[in-house]
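Novice: After the structure tokens below, expect a handful of questions from me.
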Amino acid sequence: LESVGDFENTLNEMSTLKAPGVSGSRIKNLKDFFLSHVDEEDKLVSILINGCKKTPVSNKLGPLYVVDAIVRALIDEIGSNANVEINGDSPNGTAAASVYKIQQNIETLLDDAIPNSNDDVKERISKLIDIWVSCSTFDKKIMDSIKSKYYKSFTPPGTPPKKKVLFNDNVTLLGNNNSAKLPQGPAASKDPTSVLQALANLAKSTPSPGSNSNSNTKLASPSTNLPGSLSPPSSGANDSMNSSNPNAIFQLLQNMNKLTNNNSSGNGGNNGNMGGNAADMANNQSNLMNNNFRDRSERGSRGSDFGRKRDRSPDRNDTSDPKPTHVEGERNVPSNPHYRQKKAFIDKSIPQGCINVYSRTIFIGGVPHSMDEQQLVQTLKPYAEVQSVILNTSRKHAFVKVYSRSEAEQVIHAFSVSHPSGLRARWGVGFGPRDCCNYQTGVSTIPIQRLTDADKKWLVNAEWGGSIPELDLQPGLFVEEPDIEVGHGVSSKSISRKMPTNSSQNGPKSD
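Below, the structure is given as structure tokens:
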């Protein structure tokens, strides 16, 4: 671009592109011209704002990406100069004045773009806003206003529930015409013995094996029908079975399960059904409580060295298929010690209709049976921060994903030859069809037509790896391996042909 007129024409061309109007080359040219002609920012900002407004709704995303590229580049140019303030007093013809003027119009531009856009564009704009918030690109009050209008949270007021809830507020155990409700409200969560009392009351109303549904005989007391461990807790027992001793509750629920199972096997007709229902409920509650305790212990034992401790894969033929994933909710923002700047660009040498992906996934062979995930992470720590690890002890190998390609290359370099630990490293595949990967270089050349809808979404929206707002998915795109979300779509990798890991070309022998 050589003139302000060229700047305006190039911006207007984005309205004629295929929706959503994104062009990486045009975005870069517009940004570069603006940065080199900041002294004319008054004209350029006006053209930029008007161009965004004139663009049809189908193509609004492109000009917004131009705004993003220009503003963030201007902020980088201002840098950490403490003497520069971005406000209405900023002198014309400066980067600070440009940022301030665009900020004053950004809410109007978003109000113009978001309401009539389709869901995909709305999601991309939401991603853009998240970036602006995390990087403090624009005033937080403006961003909060936009989010409250168009991206409201559906979480009800108050503290969100934990990942797993021990007991629901209204759990009813049904059997025939009898029912026993577990305690409700805060008291139940603070006093586990009230739960035990409810279970004991349920057992009290359960007929003995010798009775039938038409009998008018009074039910025996809990002390004669129930094991000692299920007797209503005495005042002395209350001291030992308090909220600090959850194992007592779990043990009693297990005993309750055994009792109701016995009733189910000995009863006929309706009584048997009641026993079975109570047994199912007691079993479900005990399993839920057991999982709750296990989750707490796992959370407490997790280190901060890597994103997520993955369960070991079962011994089966497809255990070489890694499913790396980042910590739930972890964001790639500057305040995060795992922050890595994305590296995406256009490479004209890539075959037509294809993209290239730098792998961040590493196959580790020769893992001794005595080594667990934490020890493996510590062994790799001098070379890279581990994002996720899948360890298969029986096959003596693991798949590890690190936060950046450069760290992955350090691991490969250190462990591709003899290492004191005995571990060996080769490139693995974390994204895209396996047969598209060159296992010697760790680079996949993937035809765009082979990417699934989920692949395309991850390429654009991934926290680590993937593209940047200025570069949409297009032929010639070169990116680092994007994070994927297991269980949120079908990946081209999962449906591709598996490659033999013991091949000399594809990876090291695992034993």
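One gets this note's numbering by counting positions in the sequence shown from 1 and adding 20 to each.
C-beta atoms are modelled at their ideal positions from N, C-alpha and C, and glycine is treated no differently.
Computed from a predicted model, the values in this text were never measured in an experiment.
According to the Cβ coordinates, are I504 and W484 closer than 8 Å?
Specialist: Residue mapping note: residue 504 aligns to position 484 of the sequence shown, counting from 1. Residue mapping note: residue 484 aligns to position 464 of the sequence shown, counting from 1. Result no, Cβ atoms of I504 and W484 do not sit closer than 8 Å.
Novice: In whole angstroms, what is the alpha-carbon distance linking D473 and L50?
Specialist: Numbered from 1 along the sequence shown, position 453 holds the residue referred to as residue 473. Numbered from 1 along the sequence shown, position 30 holds the residue referred to as residue 50. So the two alpha carbons sit approximately 30 Å from each other.
Novice: Quick check: the segment 97 to 115 against the segment 70 to 83, are there 3 or more CB pairs under 8 Å?
Specialist: The segment 97 to 115 vs the segment 70 to 83: no contact.
Novice: Within a Cβ cutoff of 7 Å, which residues of the same chain sit near W152, ignoring the five residues on either side of it in sequence?
Specialist: For the purposes of this step, residue 152 is taken as the residue at position 132 of the sequence shown. The residues are F158 and M163.
Novice: Spell out whether any CB of chain B is found under 8 Å from the CB atom of K167.
Specialist: Within the model displayed, chain B is absent; a lone protein chain is all it includes.
Novice: With DSSP as the reference, label N307 as helix, strand or coil.
Specialist: As a first step, residue 307 must be located in the sequence shown, where it is residue number 287. Bear in mind that a pLDDT of 44 at N307, under 50, signals an unreliable position, so the model cannot answer this.
Novice: Taking the alpha carbon of Q407 as the point to measure from, which residue in R380, Q124 and P467 has its own alpha carbon closest?
Specialist: If you number the sequence shown from 1, residue 407 lands on position 387. Of the candidates R380, Q124 and P467, the one whose C-alpha sits nearest the C-alpha of Q407 is R380.
Novice: Between which two residues does the alpha helix (DSSP H) holding W447 run?
Specialist: Reading the sequence shown from its first residue, position 427 is the one you call residue 447. First-last for W447: R444 to W447, but that is the beta strand (DSSP E), not the alpha helix (DSSP H).
Novice: If you measure between the beta carbons of I384 and W447, is that distance less than 8 Å?
Specialist: Counting from one through the sequence shown, the residue named residue 384 turns up at place 364. Counting from one through the sequence shown, the residue named residue 447 turns up at place 427. It is not a contact, given that the beta carbons lie outside the stated cut-off.
Novice: Work out the CA separation of A445 and A93 for me, nearest whole Å.
Specialist: The sequence position of residue 93 within the sequence shown is 73, counting from 1. The sequence position of residue 445 within the sequence shown is 425, counting from 1. So the two alpha carbons sit approximately 38 Å from each other.
Novice: For K38, count the other beta carbons within 10 Å of its own beta carbon; 16 or more makes it buried, fewer makes it exposed. Which is it?
Specialist: Working through the sequence shown from its first residue, we reach residue 38 at position 18. Burial call: exposed.
Novice: In three-state DSSP terms, what is E28?
Specialist: If you number the sequence shown from 1, residue 28 lands on position 8. Helix, per DSSP.
Novice: Measuring straight from C-alpha to C-alpha, what distance separates L31 and N458?
Specialist: As a position in the sequence shown, residue 31 is number 11, starting the count at 1. As a position in the sequence shown, residue 458 is number 438, starting the count at 1. Cα-Cα distance, rounded: 39 Å.
Novice: Per DSSP, I384 is paired with what?
Specialist: Within the sequence shown, the letter at position 364 stands for residue 384. In DSSP, I384 forms a bridge with A418 and A445.
Novice: Could you check whether E490 and K48 sit closer than 8 Å to each other, using their CB atoms as the reference points?
Specialist: Taking the first residue of the sequence shown as position 1, residue 48 is located at position 28. Taking the first residue of the sequence shown as position 1, residue 490 is located at position 470. Yes, the pair counts as a contact, with Cβ atoms nearer than the cut-off.
Novice: Please state whether DSSP places L64 in a helix, a strand or coil.
Specialist: Against the sequence shown, residue 64 aligns to sequence position 44. In this structure, L64 counts as helix in the three-state DSSP scheme.
Novice: What are the complete beta strand (DSSP E) segments, minimum 3 residues, inside the segment 436 to 502?
Specialist: Qualifying beta strand (DSSP E) stretches, in chain order: 444 to 447, 463 to 467 and 497 to 500.
Novice: Who are the near neighbours of S118 in its chain, counting only those whose CB is closer than 7 Å to its CB and skipping five residues on each side?
Specialist: What you label residue 118 is simply residue 98 of the sequence shown in a count that begins at 1. The residues are V58, E61, V65 and L94.
Novice: Per DSSP, I410 is paired with what?
Specialist: Here residue 410 is taken as the residue at index 390 of the sequence shown, counted from 1. Partner(s): F419.
Novice: Below 6 Å CB to CB, which residues in the same chain sit around G386 once its five sequence neighbours on both sides are set aside?
Specialist: Position 366 of the sequence shown, counted from the start, is the residue given in the question as residue 386. For G386, where only same-chain residues beyond five positions count, the Cβ hits under 6 Å are G442, L443 and R444.
Novice: For V510, which option in C456, V499 and L471 has the closest C-alpha, if you only look at C-alpha atoms?
Specialist: Locating residue 510 in the sequence shown gives position 490, counting from the first residue. For the residues C456, V499 and L471, the minimum Cα distance to V510 belongs to L471.
Novice: How is the alpha helix (DSSP H) around N138 delimited, first residue to last?
Specialist: Stepping through the sequence shown from its first residue, residue 138 is reached at position 118. Neither: N138 is in no alpha helix (DSSP H) and is coded neither H nor E.
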